[in-house]
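Report on the following structure.
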Amino acid sequence: MSPYTLAILSLLFGAIWWSFLHHLRRRKNSQKILPPGPWALPIIGNLHMIGMLPHRALEALSKKYGPIMLVQLGNIPTIVVSSPRVAELFLKTHDIVFASRPNIQTAKYLTYENKGMAFTTYGSYWRSVRKLCTLKLLSVGKIDGYGVMRREEMEALVRRLKVAAVAREVVDLSEKVEGVIEDMTCKMVFGRSSDERFDLKAVVQKSLVILGAFNIADFVPILAPFDLQERILIIVEYISSDKLEWRKRLERQTRVYFMVPQWYMPQHGNDLKMFWRKFNESSDYDIGDIRKLTHKLETTATLIIVSVHAVSTSHPYSSSSSPELKGEVICDADAVLEVSIAPTIIVDCDRFDVVAIDGVGGLVGGLFLRTLVDTRGGLTRSIKEASKANDTILEIIITEHEQDPARFHQTHDKKDFIDVMLSLMNNKSSKTTHDEPSYSIDRNNIKAIAVDMIVGAIDTSSTAIEWVMSEILTHPRVAQKIQQELMSVVGGERMVAETDLVKLEYLEMVIKETLRIHPVAPLLLPHESMEDIVIDGYFISKNSRVLVNSWAMGRDPCIWSDNVGEFLPERFINGHVDIRGRDFQLIPFGSGRRGCPGMHLGLTNIRLVVAHLMHCFDWKLPNGMKPNELNMSEKFGLSLPRAKHLLAIPTYRL
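In this note's numbering, the protein residues as written are 1 to 654.
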């Protein structure tokens with residue numbers, strides 16, 4: 001049976017099953033008032049309305065349906081919360097009801113059957129792990145104890161940037177920031193940032209990509225055994241009633257833009273006929289037929305790009321669908337380079353993942369590169385491969401820690417996270433408490449918690465710093481005020497110390513304003529209801545998924561005034577908005593029982609890195625780019641990073 005036949009049969013069976021369940025659910029809830037929401041299609045529900053940037057799509061829907069909205073994501077009833085008042089009801093007033101997490105396939109594999117903390121369902125086990133992490137790993141004292149290590153990493157970063165400054169090099173700030181956060185995090189967790197025997201950072205990055213990937217099995221669980229990720233996405237894309245806008249958004253986020261401008265069509269008729277003839281030959285191949293696909297992709301796409309170059313050099317791109325590209329000339333050399341690496345991207349999916357929305361046509365039409373699925377075998381295969389790679393490395397690191405007797409005699413503040421958890425594993429003095437069972441730590445617990453720590457610390461901190469620096473570069477006035485404050489507090493004779501951070505009040509305002517406009521987790525992590533409940537007059541059934549749209553709340557003009565879209569740190573000057581989860585208009589770290597326990601670590605990283613970057617260097621955009629010309633597009637995943645890396649030129653100023 002061919003894969004497409006299997007996909008169609010699966011969808012037909014799924015449609016019947018969905019209709020049956022939907023009928024039962026409607027009968028059960030017929031006398032109850034459900035939250036308003038859009039009409040759902042069979043199987044996929046409202047997935048076709050979500051698009052590439054779910055937080056934006058859900059915000060637009062909430063304007064029509066209200067701050068408590070019901071959407072059907074696959075066959076999962078999902079409540080979307082879009083106002084601080086309602087968020088407080090879910091995360092504070094009725095916190096215990098929504099304290100659980102849904103079963104996420106990717107997290108289940110990567111965290112050893114959910115033995116970590118972030119994605120674990122609510123219960124006595126989660127409470128034990130949360131207590132362990134809060135008291136032993138992420139306490140203020142423990143995090144502050146790594147201050148010397150962070151200072152050394154900051155000094156090393158400044159030295160590297162000074163070399164680039166002398167050479168007047170363009171620096172990839174996104175890469176530099178992520179690198180230093182990775183180094184600091186790995187040293188805290190593992191006691192090292194690299195190992196010559198394996199690429200620790202590559203394994204970490206693979207986990208980040210997979211955890212941020214869209215997985216159809218999380219929304220249509222009945223399809224999980226088939227691992228039909230890419231084919232379901234193809235069908236969903238065609239069902240979409242807003243296909244054109246979906247394609248425009250996707251095009252804006254890829255590195256290579258649409259290679260067949262409108263003005264190409266009438267001027268190159270013969271070439272176009274030849275192109276479509278070869279393209280149709282390519283389309284005969286299944287997307288999984290890698291050898292034939294990659295050959296046809298490279299020859300066909302190269303043909304069309306080279307042919308269009310003569311026109312593109314004399315007719316700058318002017319499509320109304322992407323006004324940010326107006327006047328931009330497509331360079332055939334760069335474009336062909338992208339095409340030449342496309343076969344590698346498809347075959348070597350350990351580094352890059354691809355989904356072909358329209359088969360080969362999608363790839364030729366714009367090289368729609370997305371970190372969604374591994375076309376060789378589906379997302380489930382990628383998850384299992386990443387889980388196996390993680391386990392191999394973690395096992396080596398844990399074993400080496402166990403075999404080093406000197407580590408057991410270190411003081412608590414000198415131990416890395418693995419040391420601390422091993423000492424707890426070996427301490428079997430207490431198994432129960434007076435009120436509920438306590439759990440012994442085993443090797444899988446240690447591995448799962450380590451994965452949680454690595455993923456949570458790296459992705460959130462580096463993304464937040466990237467956006468802070470982006471806003472600073474696009475607002476010279478803000479940059480000047482930050483540097484004036486740094487010179488006043490720190491001076492020019494030494495580098496920033498962690499004890500200086502509490503005195504940098506304007507920098508704190510800049511960070512708050514950035515987290516308002518660019519929340520690292522725009523929908524937070526999903527919650528799940530543990531029982532039926534009525535909130536604000538609406539019935540919410542047990543096992544409903546709950547998404548809190550912090551991105552929408554940060555842009556609500558009713559809360560932040562009419563200048564909500566303006567980057568204005570001074571809006572916090574007379575306010576005392578707490579970002580630790582007490583003030584629901586700004587909850588970048590969540591709130592309640594499932595609020596982020598690593599908030600102190602994350603804020604320390606953000607403040608420290610930004611302070612050093614601004615204290616030691618002046619920054620300007622490359623190639624004479626003006627501040628208002630910087631591309632501020634975003635891409636959705638585990639976090640919400642920039643769609644394109646932030647590039648800038650440093651000048652040493654001390």
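Even for Gly, the Cβ is constructed at its ideal location relative to N, Cα and C.
For E153, count the other beta carbons within 10 Å of its own beta carbon; 16 or more makes it buried, fewer makes it exposed. Which is it?
buried
Rank G592, L601 and K108 by C-alpha distance to the C-alpha of A87 and give the top, closest one.
G592
With distances taken from CA atoms, which of K626, L135, I44 and V546 is nearest V220?
I44
Tell me the DSSP secondary structure of H527 in three-state form.
strand
When the Cα atoms are used, what is the spatial distance from Y146 to H600?
13 Å
I'd like the list of long-range same chain contacts for I454, defined as Cβ closer than 8 Å, with 5 residues on each side in sequence excluded.
T185, C186, V189, V204 and S207
Suppose the cutoff is 6 Å on Cβ atoms and the five residues either side in sequence are ignored; what does the same chain contact list for V129 look like?
M117
When you compare only the Cα positions, how much space is there between Q655 and I573?
Because the chain here runs from 1 to 654, residue 655 falls outside it and cannot be looked at.
Are the CB atoms of F119 and I96 nearer to each other than 7 Å?
no
Q72: CB within 6 Å of a non-hydrogen atom of the ligand MN:
Inclusion of the ligand MN in the displayed structure is not the case, the ligand content being empty and no account of it being possible.
Please report the distance separating the alpha-carbon of I210 from that of P522.
18 Å
Looking only at C-alpha atoms, which of E395, I449, D556 and L41 sits nearest to L137?
I449
Nearest residue (CA-CA) to V81, options G37, L53, Y122 and S124:
G37
The alpha helix (DSSP H) with F190 in it runs from where to where?
L173 to F190
DSSP three-state label for T78, please.
strand
Assuming the contact rule is C-beta atoms closer than 8 Å, G602 and T460 should be a hit. Round their C-beta distance to whole Å, please.
5 Å
I need the boundaries of the beta strand (DSSP E) containing T651, first residue and last residue.
L647 to Y652
If you run the structure through DSSP and keep just helix, strand and coil, what is M69?
strand
Given that a residue counts as buried once 16 or more other Cβ atoms are within 10 Å of its Cβ, and exposed if not, what is D183?
buried
From M425 to I181, what does the alpha carbon distance come to, in whole angstroms?
28 Å
Using beta-carbon positions only, say whether L507 and I540 come within less than 7 Å of one another.
no
DSSP state of I533, grouped into three classes?
strand
Status (buried if at least 16 other CB within 10 Å, exposed otherwise) for E196:
exposed
If we count the other Cβ atoms within 10 Å of its Cβ and call it buried at 16 or more, is P650 buried or exposed?
buried
Coarse secondary structure for V496, derived from DSSP in three states
coil
Measuring CB to CB, does I559 end up less than 7 Å from Q585?
yes
For G602, does the three-state DSSP call read helix, strand or coil?
helix
For G537, is the classification buried or exposed, using 16 other Cβ atoms within 10 angstroms of its Cβ as the cut-off for buried?
exposed
Roughly how many angstroms separate the alpha carbons of I79 and R545, rounded to a whole number?
6 Å
Cβ-based burial, G123 [other Cβ within 10 Å; buried from 16]
exposed
F617 lies in the beta strand (DSSP E); which residues open and close that run?
F617 to K620
Whole-number beta carbon distance between E59 and W551, since they are thought to touch under 8 Å
7 Å
Is D195 helix, strand or coil when you go by DSSP?
strand
Output needed for Q72: all residues of its chain with C-beta closer than 6 Å, excluding positions within five of it in sequence on either side, in chain order.
A40, G45 and N46
Could you name the residues of the same chain whose beta carbon sits closer than 7 Å to that of N543, not counting the 5 residues immediately before and after it, in chain order?
E528 and S529
So the candidates are A99, I465 and G492; which of them puts its Cα closest to the Cα of L173?
I465
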